[in-house]
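Undergrad:
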Amino acid sequence: MYEVTSAAIKTLAGQIGFDKVGVIGPEHANGPSWTRSVLVLALATLDAALDYEMYIEYNGRRRWYKFVYTILEAQGARLARVLREEGLRAEALTFEDSFSFIDLRMAAVQAGLGVRGLNDLVITPEYGPRVRFTALFTDAELEQDQPVRDYYCLNCTRCWGACPTGAIGPQGFDRSQCIAEFVPTPEMIARQQKLLTFPTPATRLQCRFCLDSCPVGQRQGTFYFDVVASSAKKG
Ligand code: SF4
Ligand code: SF4
Numbered sequence: 043m044y045e046v047t048s049a050a051i052k053t054l055a056g057q058i059g060f061d062k063v064g065v066i067g068p069e070h071a072n073g074p075s076w077t078r079s080v081l082v083l084a085l086a087t088l089d090a091a092l093d094y095e096m097y098i099e100y101n102g103r104r105r106w107y108k109f110v111y112t113i114l115e116a117q118g119a120r121l122a123r124v125l126r127e128e129g130l131r132a133e134a135l136t137f138e139d140s141f142s143f144i145d146l147r148m149a150a151v152q153a154g155l156g157v158r159g160l161n162d163l164v165i166t167p168e169y170g171p172r173v174r175f176t177a178l179f180t181d182a183e184l185e186q187d188q189p190v191r192d193y194y195c196l197n198c199t200r201c202w203g204a205c206p207t208g209a210i211g212p213q214g215f216d217r218s219q220c221i222a223e224f225v226p227t228p229e230m231i232a233r234q235q236k237l238l239t240f241p242t243p244a245t246r247l248q249c250r251f252c253l254d255s256c257p258v259g260q261r262q263g264t265f266y267f268d269v270v271a272s273s274a275k276k277g
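Each residue of the sequence shown is one higher than the one before, starting from 43 at the first, in this note's numbering.
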């Protein structure tokens, strides 16, 4: 029998492939009525290849979908399955409905995984903002984490200067200007076609300037999709 403690579940989540895990109470989410704890699970996306997006049709809707979400969903489902095998109730988040269940950025801050930076993203000490989140609802009573006390966004405003559209700045985050939008207006589609890289008609690289410009947790190196993007520009 698996010992159901916060520490044991965090270890298990790490073995499954999550890079950071925190626990918050059910009052911070809108999960199933039996929820007693919510696991907030993070995956580092140091390589932009994890953030590439595909054009797909799902339940009659055509939309862009991010590859890393599939990894988060698969790992979350695997963790939920192990917990259910131990007699717990456990449901992992799917991204189709995630907004109605939980605000992942607020949950990550509450779980002590990072702080909200000037780029409006969650900045973690290890990976900066290069991290994506999911959640898992369970009826296990787990020890909860608390928000961190240090504020390690450096207030350097590099992210503001790097944003190609002015979507982030002293005024905060303006979603209508952000070219990472999944359900774009015709005007935004035109802006995306001008500013984003499309390796194929059905794939595109998401704008990551507000992530990659952040010095917190920055890793050196040239990653696969940087090479693809620079080749596409030259071609
Ligand atoms: S994703 Fe791009 S457009 Fe959106 S806020 Fe970040 S840098 Fe700006
Ligand atoms: S680039 Fe600077 S201001 Fe922006 S989130 Fe990172 S540390 Fe904070």
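In this text, a Cβ means the ideal position worked out from N, Cα and C, and glycines have one as well.
I need the straight-line Cα distance from residue 257 to residue 129, nearest angstrom please.
TA: 43 angstroms
Undergrad: Determine contact between the stretch 153-170 and the stretch 109-119, defined as no fewer than three beta-carbon pairs at a distance below 8 angstroms.
TA: Here the stretch 153-170 makes no contact with the stretch 109-119; the two share fewer than three CB pairs at distances below 8 angstroms.
Undergrad: Is it a yes or a no for the stretch 187-207 touching the stretch 92-100, going by three-plus beta-carbon pairs under 8 angstroms?
TA: no
Undergrad: Quick check on the DSSP output: what are the complete beta strand (DSSP E) runs of length 3 or more inside the stretch 89-175, in order along the chain?
TA: With a minimum length of 3 residues, the continuous beta strand (DSSP E) runs that stay inside the stretch 89-175 are 94-100, 103-108 and 132-134.
Undergrad: Could you tell me the alpha carbon to alpha carbon distance between residue 107 and residue 119, rounded to whole angstroms?
TA: Cα-Cα distance, rounded: 18 angstroms.
Undergrad: Can you tell which of 117, 162 and 225 has its C-alpha closest to the C-alpha of residue 212?
TA: For residue 212, the nearest C-alpha among the options comes from 162.
Undergrad: For a test of the three-state rule: what should DSSP assign to residue 53, helix, strand or coil?
TA: helix
Undergrad: Can you say whether residue 77 is buried or exposed, counting buried as having 16 or more other CB atoms within 10 angstroms of its CB?
TA: By the neighbour-count rule (16 or more Cβ atoms within 10 Å), residue 77 is buried.
Undergrad: Is any non-hydrogen atom of ligand 2 found closer than 7 angstroms to the C-beta of residue 208, if you look at the structure I gave you?
TA: no
Undergrad: Identify every run of the beta strand (DSSP E) within the stretch 196-254, keeping only runs that are complete inside it and at least 3 residues long; order them along the chain.
TA: 239-242 and 245-247
Undergrad: What does the Cβ neighbour count give for residue 191, buried or exposed, with the cut at 16 atoms within 10 Å?
TA: exposed
Undergrad: Drop a sphere of 10 angstroms on the beta-carbon of residue 242, count the other beta-carbons inside from all chains shown, and report buried for 16 or more, exposed for fewer.
TA: Label assigned to residue 242: exposed.
Undergrad: Cβ of residue 173 within 7 angstroms of any heavy atom in ligand 2?
TA: no
Undergrad: What I want to know is whether the C-beta of residue 178 ends up closer than 7 angstroms to one or more non-hydrogen atoms of ligand 2.
TA: no
Undergrad: Where do the N-terminal and C-terminal ends of the beta strand (DSSP E) with residue 79 fall, by residue?
TA: 79-86
Undergrad: How about residue 258: is its Cβ closer than 7 angstroms to a heavy atom in ligand 2?
TA: Residue 258 Cβ: within cutoff of ligand 2.
Undergrad: Kindly identify the DSSP beta-bridge partner or partners of residue 177.
TA: In DSSP, residue 177 forms a bridge with 82.
Undergrad: Here's a check: name, in chain order, each residue in its chain whose Cβ is nearer than 6 angstroms to the Cβ of residue 109, leaving out the five neighbours to either side.
TA: 94
Undergrad: To which residues does DSSP link residue 67 through a beta bridge?
TA: BP columns for residue 67 are empty, so no partner.
Undergrad: Are three or more beta carbon pairs between the stretch 165-174 and the stretch 235-249 nearer than 8 angstroms?
TA: no
Undergrad: Rounded to whole angstroms, how far is the Cβ of residue 89 from the Cβ of residue 131, which I believe are closer than 8 angstroms?
TA: Not quite, the Cβ-Cβ distance comes to about 35 angstroms (not below 8 angstroms), so this is no contact.
Undergrad: Have a look at residue 84 and residue 198 and give me their C-alpha separation to the nearest angstrom.
TA: 25 angstroms
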